[in-house]
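Read left to right, the sequence shown gives residues -21 to -1, 1 to 425 (mature numbering (1 follows the signal peptide of the UniProt record, and there is no 0)). Note that beta-carbon positions come from the ideal geometry of N, C-alpha and C, so glycine has one too. In what follows, a structure is listed as structure tokens, so that the remarks can point back to it.
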Amino acid sequence: MIRFCSFTLCVILAVAHCSSAKSQQKLLLILVDGCRWNYVDEQENLLGFRRIAEHGVRAEFVTPIYPSNSYPNWYTIVTGLYAENHGFVENYLYDPVRKDFFLMAPDQSASETHWWNQAEPLWITAKKSNLRSALYWWDGCQVEIRGEKPNECIQYKSPEEWDSLDKDVMKKLNETLDKFERDEIDLVQLYYEAVDANGHSYGPDSDKRKEAFARIDRMLDLLQTEIEERDMTDKINLVIVSDHGMTSTDPKNGLKVINISTAINPKDLKYMIYYGASCMIVPTEEKEDKLYEDLSKGNITGLQVYKKEDLPEKYHIKGNSLTTPIVLMADPGYYIIGLEDKNRSIPISSKIYLGSHGYDPDKTKDMRTIFFARGPALKKGYKSGPIHMVDHYNLLCHLLNIKPLPNNGSWENVKSMLNEGRNYYPLTFFQILALISALMFFNNLW
């Protein structure tokens, strides 16, 4: 009998361990575009974000990769790679082999596979691991990447053309909980742009931007209430990230404009890719050295000029074929405008927004952004030190219980956020009773 009880106990423990390995917690990843790292602490009456921090974890701040723009950091969040390793070295791109442009969604160029195939994002790795994923308004979900697509995709939609934005987002969040309850999906990624859009149009410290941030905060508060009322707090890991911060570029506050046309012969320049805090220059054939010399010696205050091969390693952009021969970077307080020749400026517009990003995050602290998370896998009321954008990926893979692909992130930076022993899900009383009954039945056969 003693031998049987010992055997039974060992089997119970073994099954409990196996149960923990097979149990799949759900992951809800929400990207709130354009959230500066100190928005939460500067703005009163925010319940949603502070509720996550109280019941989960937050990072002191997150340092984005360079350039601190959307597409480079979007792909870093889901790959753990620097821009030179995943290919999105800027928001707009030029492929010198195909001689075509990446112009951002909703432009059709954003759905061309070759822009995305340099790396494999989280949702594709999850699908290859037999997990089901749904992406809502997260650009790239419409693209077949390395032969796969997510199980469900709603393509990117501009908030300026979306009157029912918040209503649609809240509806989709509730539908997500329905699908989690029915075990129809394992990973959901949702993108929300209104904070970024209002930060650009009205400035990062404007009432309009604060209203947009308060709206997503309210939705996060309602979401957490719904999770608790459905008794799903031990089943869902909720992670809130952003891609970059935002700094004021209001001309009334002393912004200085950089016009490179004053220092060059425009005919020496084939394309100027992007504008604002950074841009990439494609010289006319055999004019690279002359163009570089003119830009370098043009006495343009606030402008850093680099040949591709001379880019500092810390930027992690020179090791990719999509990085152009010359790269321009604006110092804080400066803004690069486009060319008068619209056939050479990509995109055509070079509007000066009241709020901008893309600057070197080491020079502009406003580029720092946020990380908040709560769920059964995470500590409660824990604040970590600063982390880097490349660090998210390893944590997300851990929450999905999948093996991460090789990446540039540091596990050491995020492992302290985890609940110790989070992989163990104790068997219920009825599971234990059923297991003992089965073992006794087999014991009688012996």
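Just to confirm, are residue i and residue j a CB contact at a threshold of 7 Å?
i    : j    : result
N392 : L60  : no
D229 : G281 : no
Y254 : I315 : yes
D196 : F28  : yes
D12  : E172 : yes
G337 : S257 : yes
I206 : I215 : yes
F81  : S90  : no
D165 : L110 : yes
M368 : V41  : yes
P340 : P100 : no
G298 : M225 : no
L357 : G35  : yes
I239 : I325 : no
I124 : I103 : yes
D370 : G354 : no
Since I believe residue j is in contact with residue i (beta carbons under 8 Å), could you give me their beta-carbon distance rounded to a whole number of angstroms?
i    : j    : result
T303 : H223 : That belief does not hold up - the Cβ atoms of T303 and H223 are roughly 21 Å apart, past 8 Å.
L169 : W95  : With 8 Å as the limit, L169 and W95 do not qualify as a contact, their Cβ atoms being about 19 Å apart.
A98  : N64  : 7 Å
Q4   : L270 : The pair is not a contact, with the Cβ atoms about 53 Å apart (cut-off 8 Å).
I305 : K286 : 6 Å
L8   : S221 : Wrong, their Cβ atoms sit about 12 Å apart, outside the cutoff.
S395 : E39  : In fact, because the Cβ distance is near 12 Å, the residues do not count as touching under 8 Å.
L152 : P129 : Actually they do not touch by this definition, with Cβ atoms about 17 Å apart.
Terminal residues of the continuous beta strand (DSSP E) containing residue i?
i    : result
F80  : D79 to F81
K249 : L248 to I252
N216 : I215 to V220
A84  : First-last for A84: undefined, no H or E at that position.
A62  : Counting along the chain, A62 falls outside any beta strand (DSSP E), though it belongs to the alpha helix (DSSP H) covering A62 to H65.
V284 : L282 to K286
R37  : V36 to A38
M346 : That residue, M346, is in no beta strand (DSSP E); it is neither H nor E in DSSP.
M308 : I305 to A309
Y361 : Y361 to S363
Where does residue i sit, in a helix, a strand or coil, going by DSSP?
i     : result
C14   : coil
Q121  : coil
D74   : strand
G178  : helix
I133  : strand
R401  : Note that R401 has pLDDT 45, beneath the 50 cutoff, so the model's placement of it is unreliable and the number below is only indicative. Coil at R401, not helix or strand.
P51   : helix
A(-1) : Low confidence applies here, because A(-1) scores a pLDDT of 41, under 50, leaving its location unreliable; read the following figure in that light. Reduced to three states, the DSSP call for A(-1) is helix.
G27   : helix
L318  : coil
L110  : coil
A356  : coil
F159  : helix
T226  : strand
V167  : strand
P138  : helix
T241  : helix
E172  : coil
Y115  : strand
Y294  : helix
G337  : coil
K128  : coil
Can you tell me where the alpha helix (DSSP H) with residue i in it begins and where it stops?
i           : result
residue 427 : Residue numbering for the chain in the displayed model covers -21 to 425; residue 427 lies beyond these limits and cannot be assessed.
L378        : H371 to L379
K382        : It is not in any alpha helix (DSSP H) - K382 carries neither H nor E in the DSSP assignment.
L270        : E267 to S275
A256        : That residue, A256, is in no alpha helix (DSSP H); it is neither H nor E in DSSP.
Got a sec: is the Cβ-Cβ distance from residue i to anything in chain D below 7 Å?
i    : result
E399 : Among the chains of the structure shown, chain D does not appear; only one protein chain is present.
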